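Engineer: If you're matching positions, the sequence shown starts at 1 in full-length UniProt numbering and goes up one per residue.
Note that beta-carbon positions come from the ideal geometry of N, C-alpha and C, so glycine has one too.
Predicted model only: the values in this text are computed from it and were never measured.
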Amino acid sequence: MSVEKLYESENFLVVNKPFDMYINSDDENEKNTVTCHIASPDSHMSSSAYPLHFVQRLDYSTSGVLCIAKTKGAAARAGRLFEKRETRKYYLAVVRGHVNCEVADIEFDVGVDPLTAHSSHKMMAKVSSASECTESRRAHTRMLVLETGLYDGDPVTVVLLKPITGRRHQLRVHCSAIGHTILGDYTYSNRLDNSPHRMFLHATR
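In structure tokens form, the structure reads like this:
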């Protein structure tokens, strides 16, 4: 899989990140990264000659639009927009089950699962006062139902997700918390959903 260029200007590069690819890595032997693909002579991207400043992050399993700044100044300006929530991000997802509403606001706090605090740093939603997650912070996701159907005979729903806040794994945690885990999300399905070839979460904008 290759990294597709969607837009390029003097200050920014916007690419389509494939699923199951890291953004970057401290391991010099890891070549399956956006950074390595852009630096490749075959990429034909002028930004391969400049240091890359990732304005946003996408999980390894998530595909879609990724904004990269070519300079520290551009990165700082874009970062301020994200920090002030003056940007709009949208994701398409396929979730397990049929969601029985048209629009939903999911507002569970998101924190660290204490059982994984020293390993994978899996997150969890604080669905009640008895929830044991640590370092929880306010989190808000808006969900719009687009279509219902079947995947391999099982009910699924196509949804548009808008993260109002930006917590780690927020969309995946929130979908799981309402009983509609994202299709192919091995981590937040308690390692049960391992048959699809990918996790069905894509950053569209």
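DSSP has ILE106 in a bridge; who is on the other side?
Structural biologist: Here the question's residue 106 lines up with position 106 in the sequence shown. Answer is THR141, bridged to ILE106.
Engineer: Taking 8 Å as the cut-off, decide whether the C-beta atoms of CYS36 and VAL95 are in contact.
Structural biologist: Your numbering for residue 36 matches position 36 in the sequence shown. Your numbering for residue 95 matches position 95 in the sequence shown. Against a cut-off of 8 Å, the Cβ pair of VAL95 and CYS36 comes out as no contact.
Engineer: Which of the three DSSP states, helix, strand or coil, is assigned to VAL127?
Structural biologist: Residue numbering aside, residue 127 sits at position 127 when the sequence shown is read from its first letter. Here VAL127 sits in coil by DSSP.
Engineer: Using a 10 Å radius around the Cβ and a threshold of 16 neighbouring Cβ atoms, would you call PRO114 buried or exposed?
Structural biologist: Locating residue 114 in the sequence shown gives position 114, counting from the first residue. Exposed.
Engineer: Which two residues bound the contiguous alpha helix (DSSP H) that contains CYS175?
Structural biologist: Sequence index remark: in the sequence shown, residue 175 carries index 175 (1-based). Residues 170-177.
Engineer: Helix, strand or coil, according to DSSP, for PHE54 in the structure here?
Structural biologist: Within the sequence shown, the letter at position 54 stands for residue 54. The answer is strand: DSSP assigns PHE54 an E or B state.
Engineer: Out of THR181, LYS126 and VAL14, which has the shortest C-alpha to C-alpha gap to ARG167?
Structural biologist: Translated into positions along the sequence shown, residue 167 becomes position 167. The candidate whose alpha carbon is nearest that of ARG167 is LYS126.
Engineer: Can you look up PRO18 in the DSSP assignment and give me helix, strand or coil?
Structural biologist: Within the sequence shown, numbered from 1, the residue matching residue 18 stands at position 18. Here PRO18 sits in coil by DSSP.
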